[in-house]
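See below for the structure under consideration.
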Amino acid sequence: MSVRLGADFLPRLMSALVLGPVVIVAAILGEWPFEILVGVAAILVLWEWVSMVGVRPKWALVGAGGLGLVAALLILHVRPPATALAIVMVTMIACALMGRGHRQQRLWSPFGVLYAAAMALPVEILRDDATLGLASLVWLLAVVWSTDIAAYFCGRLLGGPKLWPRVSPNKTWSGAIGGTAFGTCAGMLVVFLFGIDSALLAAPVACIASIASQGGDLFESSMKRRFGVKDSSALIPGHGGLMDRLDGLIAAAALALLIGMLRNPAAPAQGLLLW
């Protein structure tokens, strides 16, 4: 049985080979290199969201939202995450008041700030954990990337019933199940490689994060269909925009932080991985 690769496979592969090492190096270095990468990614996600929704004035909204996102990231150095979340909420209100367009555009415009923050704040908070910060971030990336890759190949190889054809006609149940299985195994492997004695106990969390990652992908697909957009932008060859690449990470990161905070508010990375 052969795998029929799409015409976008080679551009996707080349983009991954270029961007993957950048993300990995920044994650290992942590501190300012990682924070700069996260901040730039958050602003680009916001720009893509505003462009997708079509609200005006575009650049004023991106500027105001970007300032709020940067402020929220910086405040994490001196204040608890609740303060950063408050800044995000205030920024959303400001963007809602600034937005011009039809009802749907005005309604969805401020959620671009929340969407970008749902990626930026969780990964920054998890990475800042002095004990398991790097492990938690590697775990998150491994789960999301493995889910995405396995879902792509399992779907191509096995085919079968469509997962949600009205929203994403190319996704199949076989891809979703395969992605979840590989994402769960990847999470367990990372926990084991970092010498954490809870690989089996952490498996359900990896499974949930993998499912959340696919849910994030479907949510972004539904938003693009709502506004008649094929790709969020053309920033990344083979993938479309940054949102198209980060949609799964955004959902999985937000869920991972929530689990970690509920179990250990002072050290969410430990709450996520230590069971």
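Count the sequence shown with my numbering and you get residues 12 to 286, in order. Idealized CB from N, CA, C, for every residue including glycine. Bear in mind the structure is a predicted one, so any value in this text is a computation, not a measurement.
Q: Note down, one range per segment and in chain order, each alpha helix (DSSP H) of at least 4 residues found wholly within the region 96 to 155.
A: DSSP runs (the alpha helix (DSSP H)) wholly in the region 96 to 155: 114 to 119 and 122 to 138.
### Query
Enumerated in chain order, which unbroken segments of the beta strand (DSSP E) with a length of 3 residues or greater are wholly contained in the region 170 to 218?
The region 170 to 218 contains, as complete beta strand (DSSP E) runs of 3+ residues, the segments 173 to 175 and 179 to 183 (chain order).
Would you kindly work out how many angstroms separate the C-alpha atoms of Leu85 and Val66, rounded to a whole number? As a position in the sequence shown, residue 85 is number 74, starting the count at 1. As a position in the sequence shown, residue 66 is number 55, starting the count at 1. Distance between the alpha carbons of Leu85 and Val66 is about 27 Å.
- Buried or exposed for Lys241, please, with buried defined as at least 16 other CB atoms from any protein chain shown within 10 angstroms of its CB. Mapped onto the sequence shown, residue 241 falls at position 230. Exposed, by the Cβ-count rule.
Worksheet item: Roughly how many whole angstroms lie between the Cα atoms of Cys218 and Ala83?
Response: Taking the sequence shown and counting its residues from 1, one reaches residue 218 at position 207. Taking the sequence shown and counting its residues from 1, one reaches residue 83 at position 72. The alpha-carbon atoms of Cys218 and Ala83 are separated by roughly 30 Å.
Practice prompt. Would you mind working out which of Gln225, Ala93 and Leu143 sits nearest Thr158, comparing C-alpha positions?
Written response: In the sequence shown, counting from the first residue as 1, residue 158 sits at position 147. Nearest C-alpha to Thr158: Gln225.
Review point. What is the C-beta distance between Val49 and Ala131, in whole angstroms, given that I count them as a contact (C-beta under 8 Å)?
Key: For this step, residue 49 is matched to residue 38 along the sequence shown. For this step, residue 131 is matched to residue 120 along the sequence shown. The Cβ separation is near 5 Å, so the contact holds.
*Straight-line CA distance for Thr142 to Pro172?*
Numbered from its first residue, the sequence shown carries residue 142 at position 131. Numbered from its first residue, the sequence shown carries residue 172 at position 161. If you take the alpha carbons of Thr142 and Pro172, they lie about 44 Å apart.
| request: Mind checking who Gly251 pairs with in its DSSP beta bridge? | output: The residue given as residue 251 occupies position 240 in the sequence shown. Paired residues: Ile247.
| query | Under the DSSP definition of a beta bridge, which residues are partnered with Arg274? | reply | Position 263 of the sequence shown holds residue 274. In DSSP, Arg274 forms no bridge with anything.
Handout entry: Residues near Ala187 in its chain [Cβ-Cβ closer than 7 Å; skip 5 each side]
Key = Within the sequence shown, residue 187 is the residue found at index 176, counting from 1. Contacts found: Ala162, Leu174 and Gln225.
Q) Among Leu284, Pro92, Ala27 and Val51, which residue has its Cα nearest to the Cα of Asp208? A) In the sequence shown, the residue the question calls residue 208 occupies position 197. For the residues Leu284, Pro92, Ala27 and Val51, the minimum Cα distance to Asp208 belongs to Leu284.
Using 8 Å as the cut-off, can you tell me whether the region 245 to 254 makes contact with the region 101 to 118, which would need three or more C-beta pairs spanning the two stretches below that distance? The region 245 to 254 makes no contact with the region 101 to 118; the number of CB pairs closer than 8 Å stays below 3.
Q.
I'd like to check one pair, Gly198 with Val154: are the Cβ atoms closer than 7 Å?
A. Within the sequence shown, numbered from 1, the residue matching residue 154 stands at position 143. Within the sequence shown, numbered from 1, the residue matching residue 198 stands at position 187. The answer is yes: Cβ separation under 7 Å.
According to DSSP, Arg67 sits in a beta bridge with which residue or residues?
As a first step, residue 67 is located in the sequence shown; it is residue number 56 there, counting from the start. DSSP lists Arg111 as the beta-bridge partner residues of Arg67.
#### Entry: Exposure label - Glu231; buried when at least 16 CB within 10 Å
One-based indexing of the sequence shown puts residue 231 at position 220. Buried is the call here.
Of the residues Ile39, Arg274, Trp184 and Pro32, the one placed nearest Asp139, counting alpha carbons only
On the sequence shown, position 128 is the one that residue 139 refers to. Nearest of Ile39, Arg274, Trp184 and Pro32 to Asp139, Cα basis: Ile39.
* Asked: Alpha carbon to alpha carbon, how far is Phe205 from Gly41?
  -> Stepping through the sequence shown from its first residue, residue 205 is reached at position 194. Stepping through the sequence shown from its first residue, residue 41 is reached at position 30. For Phe205 and Gly41, the distance between alpha carbons rounds to 17 Å.
### Query
How about Ala265 and Ala129: do their beta carbons lie closer than 7 Å?
Walking along the sequence shown from the start, residue 265 turns up at place 254. Walking along the sequence shown from the start, residue 129 turns up at place 118. Their beta carbons are under 7 Å apart, which means Ala265 touches Ala129 by this criterion.
Exercise. Does the distance from the CB of Gly123 to the CB of Val34 come in under 7 Å?
Worked result: Numbered from its first residue, the sequence shown carries residue 123 at position 112. Numbered from its first residue, the sequence shown carries residue 34 at position 23. No, the Cβ-Cβ distance between Gly123 and Val34 is not below 7 Å.
| message | Buried or exposed for Pro133, going by 16 or more other Cβ atoms inside 10 Å? | response | Stepping through the sequence shown from its first residue, residue 133 is reached at position 122. When all chains shown are included, Pro133 counts as buried.
query: Relative to the C-alpha of Leu269, which residue among Arg256, Ile136 and Gly79 is closest?
result: For the purposes of this step, residue 269 is identified with residue 258 of the sequence shown, where counting begins at 1. Closest by alpha carbon: Ile136.
Practice task
Starting from the C-beta of Leu257, find all residues in its chain whose C-beta is less than 8 Å away, skip the five residues before and the five after it, and write them out in chain order.
Solution key: Here residue 257 is taken as the residue at index 246 of the sequence shown, counted from 1. So the qualifying residues of the chain are Ala52, Val56 and Met130.
Q | Boundaries of the alpha helix (DSSP H) in which Pro279 is found, first to last residue | A | If you number the sequence shown from 1, residue 279 lands on position 268. Looking at the DSSP string, the run of the alpha helix (DSSP H) that includes Pro279 is Pro279 to Leu284.
Looking at the C-beta of Pro172, does it have a partner C-beta in chain D at a distance below 7 Å?
Although the question refers to chain D, the structure presented lacks it and comprises just one protein chain.
TODO: Taking only the alpha-carbon atoms, compute the straight-line gap between Leu168 and Met25 and give it to the nearest angstrom.
DONE: Within the sequence shown, numbered from 1, the residue matching residue 168 stands at position 157. Within the sequence shown, numbered from 1, the residue matching residue 25 stands at position 14. Their backbone Cα atoms lie some 21 Å apart in a straight line.
Fill in: Trp150 beta carbon near the ligand PLP (any heavy atom closer than 6 Å)
The ligand content of the structure shown is nil, which means the ligand PLP is not present either.
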